[in-house]
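Take a look at the structure set out below.
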DNA sequence: GGCAATATCTAAAACGATTTAGTTTTACCA
DNA sequence: TGGTAAAACTAAATCGTTTTAGATATTGCC
């Protein structure tokens, strides 16, 4: 039924599920394309009732102006460009990712647009926008969850994408991931080998894939080695470690037997170090602290911290290549990589 | 002469200095537009000699394809979107700037595109590209130099822009700046009030506007108070402090009378702290360390460091509004703001 | 009732590129 | 020399939008 209707209505060769344009609305309302355009732009020479009908139809079909069309006609891009140097000595995950993606795009015809989404915002929104308006050829995402709805959505629409982090469907899509399970397992084992028996884990939220991987690895090792491992969870993401310092202090006071802390990020480690020293513990003596960092940073500041590095730059490079590969070679197998952690240093 | 030539040649209403299109090249070579297109795209049914002539003409007029045209026709955007969460607890200048610009753009029709440039790259390149291809309505830049050629170029082309940091022409363009002169003057005065007499300055490169402002403020205060102030310069930018630690250590060894360090960034301060402790000095006792940070960070890790904050988020917000104002109100006065530092905390 | 003014809509052109379908020229072969 | 095929180009259509000019009712006024 839907099929015959669609076939009947179809005038242009445009397929059924195509993006609605002004023409779609014009056909729907029986008006001319310019009328629709002017109605939507609230021009003075369009009747009130007409405007309402047009707007209703636009809403109904989910019309979004084609930016290329507007731009070509008006010359207006609706884009503000933030031009900035990439050669900071950046210690931050986010900035490093941006920079490495941009670097990987340098000798390709592709441009990068960064679309941050905010805590009060549905993570689906930017992705849906991109697919619906066709404003990019591919999407790169990080901080995936196991059942990430964005991944499901993109796969469903067979839209090219690559993720930093795996999901439930990782076998079927392009991704780069650091083996956090292995990182945590190795770290706990190593701490146990050093004689530590009561380990505090300062880990990212457990709805994130990598948070779950870390926990799994740490707990597996704890079980194998017969050590105790408790977990504190940082507020929002990998870098949100600063705000957790009071919680760590409280924990150390309540559990004076604690002799090691395993931290998932630079800030978490700084919080842990400050907390440990705050309750009078000495690094390397009463307590060992292990940190995973995006960039060697803590080492220079504080001897005695055990560090492992996750090279975010490499992740950005891979994930960019993988995304372009999805665009240009959509039927081939998706590029995938699971990075093994290096040894503690 | 040029005038009459241009008038004679002019077929379409396009003005003289307009961007060249395929039509321009077609007119120049006497060929049809599709021929030009196919020649540039290296299609098999175009003669070798024709291709060469077309390419020469394209090069000569500086042809760049109009992305909106390509996108409209082919559906290809040549854009890869990096979608990422903005709610990191970011400690970094760069990421904070990106996030605040994006946030300020949220309820406007504008999108943000981030264009990083690399150390091996002419800083003019991205700006020139944007102006020549018309790929944005406005530009935001940071890390200005006093004679910033990008600013000169944009003003010359009356292209809307706003800067984070002043230039020689600051009176005539939109900017936001932190009063680094005042920051440095106040900090040195305050250290002098605390009885410090030999101050080491760890400052950004002196070709940057804000590096110069800082030096001016610090030296003025040093003169007024009769204290000694020496300067070490960090490698590349505000965050490039880590690599300078050895230099600071050397300095402290060579100048054991040093009783204060004034740092322009978080990493510079971490390097200074590590260096000072490395040579056996105690914070707040033999030495005072003052840092300017983009985000309160060091405080949580290390008591005894004196901090001032430059709110980069506010800068991003202002500079974004200022850029949009340039687009929408090009004849009005440019928005300008000089932020006063808060007191040491 | 007729004429001008107004309100509301439509037709056509344009932005800059690519694609499809011709068209012209040259070369070759019988 | 006539016919055919290949080579090298051009004409026209198209993508989605906005703008300018023009058309058709409708209304107001005398």
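Residue numbers (this note's numbering), protein chains in the order written: chain D, -4 to 340; chain Y, -4 to 340.
From the three backbone atoms N, C-alpha and C, an ideal C-beta is built for every residue, glycine too.
(message) Against chain Y, with Cβ distances strictly below 8 Å, would residue 104 of chain D count as a contact?
(response) yes
(request) Excluding the 5 residues preceding and the 5 following residue 240 of chain Y in the sequence, name in chain order all residues of the same chain whose CB lies nearer than 7 Å to its CB. (result) 266, 269 and 270
(request) Report the neighbours of residue 240 of chain D on chain Y: residues whose CB is nearer than 7 Å to its CB, in chain order. (result) 295
(message) What are the residues in the segment 114 to 141 of chain D lying within 8 Å of chain Y by C-beta distance?
(response) 114, 118, 121, 122, 125, 129, 130, 131, 132, 133, 134, 135, 136, 137 and 138
(message) Looking only at its chain, what residues have a beta carbon closer than 6 Å to the beta carbon of residue 171 of chain Y, apart from the 5 residues adjacent to it on each side?
(response) 159, 310, 313, 314 and 332
(message) Using a Cβ-Cβ distance cut-off of 8 Å, determine whether residue 97 of chain D contacts chain Y.
(response) yes
(message) Can you list, in chain order, the residues of its chain with a C-beta nearer than 7 Å to that of residue 53 of chain Y? Leave out the 5 residues immediately preceding and following it.
(response) 20 and 35
(message) Taking its Cβ as the centre, do 16 or more other Cβ atoms sit within 10 Å of residue 255 of chain Y, making it buried, or is it exposed?
(response) buried
(request) Could you please give the first and the last residue of the uninterrupted alpha helix (DSSP H) stretch that includes residue 46 of chain D? (result) 43 to 56
(request) Name the residue from D:262, D:238 and D:282 whose alpha carbon lies nearest to the alpha carbon of residue 253 of chain D. (result) D:282
(request) Identify the contact partners of residue 108 of chain D in chain Y, using a Cβ-Cβ distance below 8 Å as the criterion. (result) 74, 75, 76, 77, 106, 107, 108 and 109
(request) Give a yes or no on whether the C-beta atoms belonging to residue 259 of chain D and residue 287 of chain D are separated by under 8 Å. (result) yes
(request) Report the three-state DSSP secondary structure of residue 250 of chain Y (helix, strand or coil). (result) coil
(message) Does the segment 120 to 131 of chain D come into contact with the segment 181 to 190 of chain D, if we say contact requires no fewer than three beta-carbon pairs (one atom in each stretch) closer than 8 Å?
(response) no
(message) Pull the bridge partners of residue 201 of chain Y from the DSSP assignment, please.
(response) DSSP lists no partner for residue 201 of chain Y.
(message) If I follow the unbroken beta strand (DSSP E) through residue 287 of chain Y, where does it start and stop?
(response) 283 to 288
(message) Just checking: is the beta-carbon of residue 282 of chain D within a distance shorter than 8 Å of some beta-carbon in chain Y?
(response) no
(request) Put residue 39 of chain D into one of helix, strand or coil per three-state DSSP. (result) coil
(request) Name the two residues that bound the continuous alpha helix (DSSP H) containing residue 126 of chain Y. (result) 119 to 128
(message) Rounding to the nearest angstrom, what Cα-Cα distance links residue 193 of chain Y and residue 272 of chain D in this structure?
(response) 30 Å
(message) Can you look up residue 106 of chain D in the DSSP assignment and give me helix, strand or coil?
(response) strand
(request) Would you check if the segment 148 to 165 of chain D and the segment 292 to 302 of chain D touch, i.e. whether three or more CB-CB distances between them fall below 8 Å? (result) no
(message) Given this structure, state the Cα-to-Cα distance separating residue 59 of chain D from residue 16 of chain D, to the nearest angstrom.
(response) 7 Å
(message) Is the beta carbon of residue 131 of chain Y closer than 8 Å to that of residue 75 of chain D?
(response) yes
(message) Between residue 279 of chain Y and chain D, is any beta-carbon pair separated by less than 8 Å?
(response) no
(message) Can you list, in chain order, the residues of its chain with a C-beta nearer than 6 Å to that of residue 242 of chain D? Leave out the 5 residues immediately preceding and following it.
(response) 227
(message) Strictly below 9 Å CB to CB, what residues from chain Y border residue 93 of chain D?
(response) 77, 79, 89, 90, 93, 109 and 111
(message) Using a 10 Å radius around the Cβ and a threshold of 16 neighbouring Cβ atoms, would you call residue 166 of chain Y buried or exposed?
(response) exposed
(message) Run through chain Y and tell me which residues come within less than 8 Å of residue 71 of chain D, C-beta to C-beta.
(response) 132
(request) Alpha carbon to alpha carbon, how far is residue 71 of chain Y from residue 64 of chain D? Give it in angstroms, no decimals. (result) 13 Å
(message) Between residue 253 of chain Y and chain D, is any beta-carbon pair separated by less than 8 Å?
(response) no
(message) Could you tell me the alpha carbon to alpha carbon distance between residue 367 of chain D and residue 90 of chain D, rounded to whole angstroms?
(response) Nothing about residue 367 of chain D can be reported from this structure: the residues present for chain D run from -4 to 340 only.
(request) Answer yes or no: do residue 33 of chain Y and residue 41 of chain Y have a C-beta to C-beta separation smaller than 8 Å? (result) yes
(request) In the DSSP assignment, find the beta strand (DSSP E) that holds residue 309 of chain Y and state where it starts and stops. (result) Careful: residue 309 of chain Y lies outside any beta strand (DSSP E), inside the alpha helix (DSSP H) at 307 to 323.
(message) Only counting the same chain, and skipping five residues up and downstream in sequence, which positions put a Cβ closer than 6 Å to that of residue 157 of chain Y?
(response) 135, 169, 314, 317 and 318
(message) Would residue 300 of chain Y and residue 290 of chain Y be called neighbours here (beta carbons separated by less than 8 Å)?
(response) no
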